[in-house]
Amino acid sequence: MTDYILLIVSCIFVNNILLMQYLGNCPFLGVSKRMETAVGMGMAVVFVLVMAGAITWVVNTYLLKTFHLEYLRTLAFILVIASLVQFVEMFLRKSIPALYSGLGIFLPLITTNCAVLGVCLINIMEEYSFVQTLVASFSYAVGFALALVLFAGVRERIILARVPRPLQDTSIGLVTAGMLSLAFFAFKGMV
Amino acid sequence: MAKTVVQEFTKGLWAEIPPFRLVLGLCPTLAVTKSVENGIGMGVATTFVLVCSNILISLLRNVIPKKVRIACYIVVIATFVTVVELVMQAYAYPLFLKLGIFIPLIVVNCIVLGRAEAFASKNSVVPSLADGLGIGLGFTLSLTALAMVREVLGNGTFYNIPVFGPSFQPFAFMVQAPGAFVCLGLMLCIMNILGKK
Chain A
20 MTDYILLIVS CIFVNNILLM QYLGNCPFLG VSKRMETAVG MGMAVVFVLV MAGAITWVVN
80 TYLLKTFHLE YLRTLAFILV IASLVQFVEM FLRKSIPALY SGLGIFLPLI TTNCAVLGVC
140 LINIMEEYSF VQTLVASFSY AVGFALALVL FAGVRERIIL ARVPRPLQDT SIGLVTAGML
200 SLAFFAFKGM V
Chain B
792 MAKTVVQEFT KGLWAEIPPF RLVLGLCPTL AVTKSVENGI GMGVATTFVL VCSNILISLL
852 RNVIPKKVRI ACYIVVIATF VTVVELVMQA YAYPLFLKLG IFIPLIVVNC IVLGRAEAFA
912 SKNSVVPSLA DGLGIGLGFT LSLTALAMVR EVLGNGTFYN IPVFGPSFQP FAFMVQAPGA
972 FVCLGLMLCI MNILGKK
């Protein structure tokens with residue numbers, strides 16, 4: 020049990036996927052200008068990442084390893100993620116329109132979110148079991164959503180501040196992300 | 792014709808230099824610029840994928856159905872990334888270990904997919920090659936520049952060679968995650984100032 024708690028804490032805070040592992044930075048800067056879009060993107064990532072983590076684990080263990088095709092991992096994983104995203108999008112549109120209208124526009128973006136592929140690859144590299152994969156994927160995704168929402172909150176305030184012209188927009192965004200990353204650095208001593 | 796090819800090539804070096812002008816592909820930019828060696832390695836790997844995928848997609852642009860084009864592009868890109876991965880594993884193993892997860896992640900580097908969608912799918916082979924080469928070279932240059940600042944300040948070395956005396960205290964913040972964000976943000980600011988003139 021302690022192992023799982025440690026895994027959750029380390030995935031959410033200590034190895035935060037955005038601020039410590041530098042994965043998924045394009046949506047991080049792209050959709051963090053408003054709180055609602057940040058929440059939507061965060062939810063979409065949690066949703067897709069858990070499913071992608073589980074499916075890629077199964078594919079890797081029962082398909083690639085059995086036939087000694089590990090060198091096709093990158094290709095197989097990205098195909099799994101791309102088709103998964105497509106399926107999730109179609110499924111949501113048909114059956115849960117309310118959720119679709121909330122997550123809809125963020126879903127296609129997730130295919131090229133390197134956090135998703137990154138976490139799937141990390142799960143395999145760390146040789147997690149199936150349950151550990153589920154827990155780790157969920158925690159990484161929560162960490163992503165947390166950082167994204169925090170950052171969006173800060174960014175909404177920056178709009179009100181007077182920023183020097185050359186620093187505006189992405190530039191000040193990156194510097195702010197650096198400060199946020201520094202705050203997360205404090206968790207390093209925990210595990 | 793010859794002039795436009797040159798233009799396609801040079802725009803990647805200044806007017807659309809990634810990731811400063813084209814704010815794409817930030818993840819590898821932040822992650823691998825701890826040292827100049829990693830930065831150049833990553834830049835060359837990305838350039839190779841970019842050029843090859845641009846050529847192939849431009850050749851196939853009339854064959855690929857519009858509706859499934861993104862999936863097709865991803866398969867093409869993933870194939871070349873696998874090639875790079877295997878080649879590096881065979882001939883540059885220490886670098887392969889250092890770059891680690893970021894080599895397979897070239898697949899989801901938005902620059903590569905972005906160029907395929909925005910350029911190679913609409914242009915013939917030669918301009919696509921020039922575009923890929925230019926953007927790739929620009930990316931390598933940016934990575935090297937950023938890595939230079941971070942390695943010199945954060946580690947006191949350049950390409951693993953010490954530049955300061957033994958009394959130099961490394962500015963460890965620069966090689967850590969927060970330093971990467973702040974450093975890139977400030978470089979973006981400098982680019983904005985330079986670009987205005």
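Protein chains in written order, with my numbering: chain A, 20 to 210; chain B, 792 to 988.
By construction, the Cβ of each residue, glycine as well, lies at the ideal position given by its N, Cα and C atoms.
Looking at chain A, which residues of the stretch 963–980 of chain B have a Cβ within less than 9 Å of any of its Cβ atoms? Phe964, Gln967, Ala968, Pro969, Gly970, Ala971, Phe972, Val973, Cys974, Leu975, Gly976, Leu977, Met978, Leu979 and Cys980
I want to see whether chain B comes within less than 8 Å of Phe204 of chain A, judged by CB atoms only; does it? Walking along the first sequence from the start, residue 204 of chain A turns up at place 185. Yes, its Cβ sits closer than 8 Å to a Cβ of chain B.
Comparing alpha-carbon positions, which option in B:Thr837, B:Ser912 and B:Ile808 lies nearest Asn853 of chain B? The residue you call residue 853 of chain B lines up with position 62 of the second sequence. The shortest C-alpha separation from Asn853 of chain B is found at B:Ser912.
With 8 Å set as the bound, which would you pick, yes or no: does the beta-carbon of Glu942 of chain B sit closer than that to a beta-carbon of chain A? As a working mapping, residue 942 of chain B is identified with position 151 in the second sequence. Taking Cβ atoms only, chain A never reaches closer than 8 Å to Glu942 of chain B, which makes this a no.
What's the C-alpha gap between Met792 of chain B and Pro918 of chain B? If you number the second sequence from 1, residue 792 of chain B lands on position 1. If you number the second sequence from 1, residue 918 of chain B lands on position 127. In this predicted model, Met792 of chain B has a pLDDT of only 47, less than 50, meaning its place in the structure is not dependable enough to derive any value.
Mind checking which residues open and close the alpha helix (DSSP H) that includes Leu25 of chain A? Position 6 of the first sequence, counting from 1, holds the residue named residue 25 of chain A. Looking at the DSSP string, the run of the alpha helix (DSSP H) that includes Leu25 of chain A is Thr21 to Val28.
Leaving out five residues before and five after Val966 of chain B in sequence, what residues of the same chain have Cβ atoms less than 7 Å from its Cβ? Walking along the second sequence from the start, residue 966 of chain B turns up at place 175. Lys825, Arg941, Gly945 and Asn946, listed in sequence order.
Cα-Cα separation, Ile952 of chain B to Glu828 of chain B: As a working note, residue 952 of chain B is residue 161 in the second sequence. As a working note, residue 828 of chain B is residue 37 in the second sequence. Straight-line Cα distance between these residues: approximately 11 Å.
Within the chosen definition, does the stretch 837–855 of chain B reach the stretch 953–964 of chain B through at least 3 CB pairs nearer than 8 Å? no
Where does Thr85 of chain A land, buried or exposed, given buried means 16+ other C-beta within 10 angstroms? Here residue 85 of chain A corresponds to residue number 66 of the first sequence, with the count starting at 1. Result: exposed.
Taking the alpha helix (DSSP H) that Gln40 of chain A falls in, what are its first and last residues? Taking the first sequence and counting its residues from 1, the one referred to as residue 40 of chain A is at position 21. Segment: none, Gln40 of chain A is in no alpha helix (DSSP H) and carries neither H nor E.
Roughly how many angstroms separate the alpha carbons of Val823 of chain B and Glu145 of chain A, rounded to a whole number? One-based indexing of the second sequence puts residue 823 of chain B at position 32. One-based indexing of the first sequence puts residue 145 of chain A at position 126. Looking at the two C-alpha atoms, the distance is approximately 20 Å.
How is Thr948 of chain B classed by DSSP in three states: helix, strand or coil? The residue you call residue 948 of chain B lines up with position 157 of the second sequence. The answer is strand: DSSP assigns Thr948 of chain B an E or B state.
What is the DSSP secondary structure of Pro953 of chain B, counted as helix, strand or coil? Working through the second sequence from its first residue, we reach residue 953 of chain B at position 162. If DSSP states are grouped into helix, strand and coil, Pro953 of chain B belongs with the strands.
Count the other C-beta atoms from every protein chain shown that fall within 10 angstroms of the C-beta of Arg184 of chain A, then say buried if there are 16 or more, exposed otherwise. Sequence index remark: in the first sequence, residue 184 of chain A carries index 165 (1-based). Its Cβ having fewer than 16 others within 10 Å, Arg184 of chain A is exposed.
Rounded to the nearest angstrom, what separates Tyr159 of chain A and Cys133 of chain A at their Cα positions? Residue mapping note: residue 159 of chain A aligns to position 140 of the first sequence, counting from 1. Residue mapping note: residue 133 of chain A aligns to position 114 of the first sequence, counting from 1. Rounded to the nearest angstrom, the two C-alpha atoms are 13 Å apart.
Taking any Cβ of chain A, which residues in the stretch 861–889 of chain B have a Cβ under 8 Å from it, in chain order? The stretch 861–889 of chain B vs chain A, Cβ under 8 Å: Ile861, Ala862, Ile865, Val866, Ala869, Thr870, Val872, Thr873, Glu876 and Leu877.
Find the residues of chain B that neighbour Asn44 of chain A, judging by a C-beta separation of less than 8 Å, and give them in chain order. Position 25 of the first sequence holds residue 44 of chain A. Under the 8 Å cutoff, chain B gives Leu817, Cys818 and Leu821.
Return the residue from the list A:Gly162, A:Asn79 and A:Leu128 that minimises the CA-CA distance to Tyr147 of chain A. Numbered from its first residue, the first sequence carries residue 147 of chain A at position 128. Among A:Gly162, A:Asn79 and A:Leu128, the Cα nearest to that of Tyr147 of chain A is on A:Asn79.
Hey, does Asn983 of chain B have any beta-carbon neighbour from chain A nearer than 8 Å? On the second sequence, residue 983 of chain B is found 192 positions in, with the first residue counted as 1. Asn983 of chain B counts as touching chain A.
In the stretch 98–142 of chain A, which residue ranges form an unbroken alpha helix (DSSP H) of at least 4 residues, counting only runs that do not cross its ends? 116–122 and 126–129
Report the residues of the stretch 100–118 of chain A with a CB closer than 7 Å to any CB of chain B, ordered along the chain. Ala101
Quick one, which of A:Gly72, A:Glu175 and A:Glu89 has its alpha-carbon nearest Val104 of chain A's? Numbered from 1 along the first sequence, position 85 holds the residue referred to as residue 104 of chain A. Ranking A:Gly72, A:Glu175 and A:Glu89 by Cα distance to Val104 of chain A puts A:Gly72 first.
On the DSSP letters alone, give me the boundaries of the alpha helix (DSSP H) that Lys213 of chain A sits inside. A question about residue 213 of chain A goes unanswered here, because the residues of chain A that appear run from 20 up to 210.
So, is the C-beta of Thr837 of chain B closer than 8 Å to a C-beta in chain A? The residue given as residue 837 of chain B occupies position 46 in the second sequence. No - not a single Cβ of chain A is within 8 Å of the one on Thr837 of chain B.
Which residue's Cα is closest to the Cα of Glu108 of chain A: A:Leu98, A:Ile97 and A:Ser120? Locating residue 108 of chain A in the first sequence gives position 89, counting from the first residue. The residue with the shortest Cα to Cα distance from Glu108 of chain A is A:Ser120.
Just confirm the distance between the C-beta atoms of Phe972 of chain B and Leu193 of chain A, as a whole number of angstroms; I'd bet it's less than 8 Å. Taking the first residue of the second sequence as 1, we reach residue 972 of chain B at position 181. Taking the first residue of the first sequence as 1, we reach residue 193 of chain A at position 174. Correct: roughly 5 Å between the Cβ atoms.
Output the boundary residues of the alpha helix (DSSP H) element that contains Ser190 of chain A. Here residue 190 of chain A refers to the residue found at position 171 of the first sequence. Secondary structure note for Ser190 of chain A: its alpha helix (DSSP H) is the uninterrupted segment Thr189 to Phe204.
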